[in-house]
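Engineer: Numbering (my numbering), first residue to last: 1 to 323.
Note that the Cβ used here is the ideal one computed from N, Cα and C, for glycine as well.
Values in this document were obtained by computation on a predicted structure and should not be read as measured data.
What follows is a single structure, and I will ask about it in a moment.
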Ligand code: UFG
């Protein structure tokens with residue numbers, strides 16, 4: 001299979017490129033390297049380019065060149081999306097429309113889209129399944145929901161088949177130690193905690209201890225990057241076999257608090273971790289946990305690394321030797 005991976009130099013995209021290549025796919029990565037890293041693309045062809053460049057897209061997506069497109073490239077910081085919504089609508093909506101246009105022109109009819117739990121907004125119940133109402137509370141979540149809706153319309157009108165995968169909290173790293181999380185600035189909990197363990201930063205701030213949870217800190221559903229990639233592979237196969245367009249929530253169904261993540265990291269690393277209490281971060285729901293029953297039933301998805309300690313161990317392996 002010939003796959004175009006947009007955003008293949010980023011955290012999740014780079015793991016996907018590796019997995020697809022190992023499965024025998026011919027992979028081309030398109031990435032503008034605004035946040036990704038060229039040295040994270042370990043396999044296949046690499047093209048540095050931007051989705052805003054419509055001529056580049058037209059030249060790249062020649063008829064017959066790709067069987068499917070996986071789209072990981074987007075701006076992902078909730079707080080920044082509130083401050084700079086134009087960036088989010090431009091990068092996540094307009095540029096995705098350009099990609100979909102180029103796909104239509106070249107006849108590529110299968111699309112795997114990185115969506116997010118942020119499309120749901122404040123949880124009305126947990127764990128959250130696909131029937132949970134979608135009412136995002138920030139531009140980031142809205143930008144992703146818009147594309148989910150566009151994809152429904154494009155399926156009806158143009159027959160474009162898509163799977164939207166709504167990640168809860170992607171975590172961990174390549175068990176081989178070749179790839180991992182490398183955002184700059186880093187905003188995600190697990191890499192920040194491990195940077196506090198390795199001495200790369202002084203401490204970890206806990207954003208709020210007054211949530212309505214057992215220990216007062218926020219609860220999230222962490223999902224190992226390889227399990228996430230496996231879901232993409234299964235979703236792609238389902239489309240290749242003629243499945244209808246679908247949306248899936250992806251998580252393990254287990255919530256862990258910020259404090260539990262820190263405690264796990266202390267155990268896994270054997271290092272002291274300095275903790276600092278800080279005010280709540282705007283827009284953080286107390287508890288986000290996925291019900292991924294649909295993905296298990298329809299895709300046959302079975303997470304292999306559901307254990308938080310394993311995710312932290314793999315991320316620690318990366319943190320100790322990352323560039
Ligand atoms: N946290 C801290 N200290 C930090 C960083 C995070 O206490 O220094 C807390 C957050 O407040 C939150 C939890 O750790 O309660 C997890 O935070 P992350 O930033 O790691 O992840 P989020 O749950 O905010 O975000 C993830 C994705 C987003 C997506 C969101 C969906 O990274 O892209 O889930 O709700 F939008």
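1) Please go through the same chain and pick out, in chain order, the residues whose beta-carbon is closer than 6 Å to the beta-carbon of residue 303, but skip the five residues on each side of it.
2) For ligand 1, any of its heavy atoms closer than 7 Å to the Cβ of residue 324?
3) Relative to ligand 1, is the shortest distance from any of its heavy atoms to the C-beta of residue 220 smaller than 7 Å?
4) By alpha-carbon positions, which one of 186, 173 and 244 ends up nearest to residue 309?
5) State the start and end residues of the unbroken beta strand (DSSP E) segment that holds residue 206.
6) I'd like the list of long-range same chain contacts for residue 81, defined as Cβ closer than 6 Å, with 5 residues on each side in sequence excluded.
7) Is DSSP giving residue 254 helix, strand or coil here?
8) Any chance the segment 273-284 sits against the segment 202-211, with 3 or more Cβ pairs inside 8 Å?
9) Kindly confirm or deny that the segment 162-181 and the segment 309-321 touch, where touching means at least three C-beta pairs closer than 8 Å.
10) Is residue 322 helix, strand or coil by DSSP?
11) Counting Cβ pairs closer than 8 Å, one from the segment 94-113 and one from the segment 156-174, do we hit at least three?
12) Run through DSSP, which three-state label would residue 31 get?
13) Quick one: residues in its chain with C-beta nearer than 8 Å to the C-beta of residue 71, no 5 flanking neighbours on either side, listed in chain order?
14) Short of 8 Å in beta carbon distance, which residues of its chain neighbour residue 67, apart from the five on each side in sequence? Order them along the chain.
15) Quick test of your reading: residue 10 and residue 35, contact by CB under 8 Å. State the CB separation rounded to the nearest angstrom.
16) Pick out whichever of 198, 249 and 106 has its Cα sitting closest to the Cα of residue 169.
17) Mark residue 64 as exposed unless 16 or more other C-beta atoms lie within 10 angstroms of its C-beta, in which case mark it buried.
18) Do residue 286 and residue 187 count as a contact pair if the criterion is CB distance below 8 Å?
19) Which residues mark the beginning and the end of the beta strand (DSSP E) in which residue 189 is found?
20) For the structure I just gave you, are there three or more beta carbon pairs, one from the segment 143-159 and one from the segment 227-236, closer than 8 Å?
21) Output the boundary residues of the alpha helix (DSSP H) element that contains residue 134.
22) Taking the continuous beta strand (DSSP E) assigned at residue 183, which residues delimit it?
23) Just to check, is the beta-carbon of residue 288 closer than 7 Å to a non-hydrogen atom of ligand 1?
24) Answer yes or no: do residue 271 and residue 197 have a C-beta to C-beta separation smaller than 8 Å?
25) Measuring alpha carbon to alpha carbon, tell me which of 289, 298 and 301 ends up nearest residue 121.
26) In the DSSP output, which residue or residues are listed as bridge partners for residue 327?
27) How about residue 207: is its Cβ closer than 7 Å to a heavy atom in ligand 1?
28) Are the CB atoms of residue 61 and residue 102 within a distance shorter than 8 Å?
Structural biologist: Quick look at the numbers:
1) Annotation for residue 303: 227 and 252 place their beta carbon closer than 6 Å to its own, counting only its chain and skipping 5 residues before and after.
2) The first residue shown for the chain is 1 and the last is 323, placing residue 324 beyond what the model contains.
3) yes
4) 173
5) Looking at the DSSP string, the run of the beta strand (DSSP E) that includes residue 206 is 204-207.
6) 88, 138, 139 and 140
7) Under the three-state reduction of DSSP output, residue 254 falls in the coil class, being neither helix nor strand.
8) yes
9) At 8 Å Cβ cutoff, the stretches touch.
10) coil
11) yes
12) Correct three-state label for residue 31: strand.
13) 6, 7, 96, 99, 111, 112, 113 and 114
14) 1, 2, 3, 108, 110 and 240
15) 6 Å
16) 249
17) If you draw a 10 Å sphere on the C-beta of residue 64, you find fewer than 16 other C-beta atoms in it, and that means exposed.
18) no
19) Note, residue 189: premise wrong, no beta strand (DSSP E); alpha helix (DSSP H) at 189-198.
20) When C-beta atoms of the segment 143-159 are compared with those of the segment 227-236, fewer than three pairs fall below 8 Å, so the two segments do not count as touching.
21) Residue 134 -> no alpha helix (DSSP H), and no H or E assigned at all.
22) Looking at the DSSP string, residue 183 is not in any beta strand (DSSP E), and its letter there is neither H nor E.
23) yes
24) yes
25) 289
26) Absent from the model: residue 327. The displayed extent of the chain is 1 to 323, so no value can be given.
27) Yes.
28) yes
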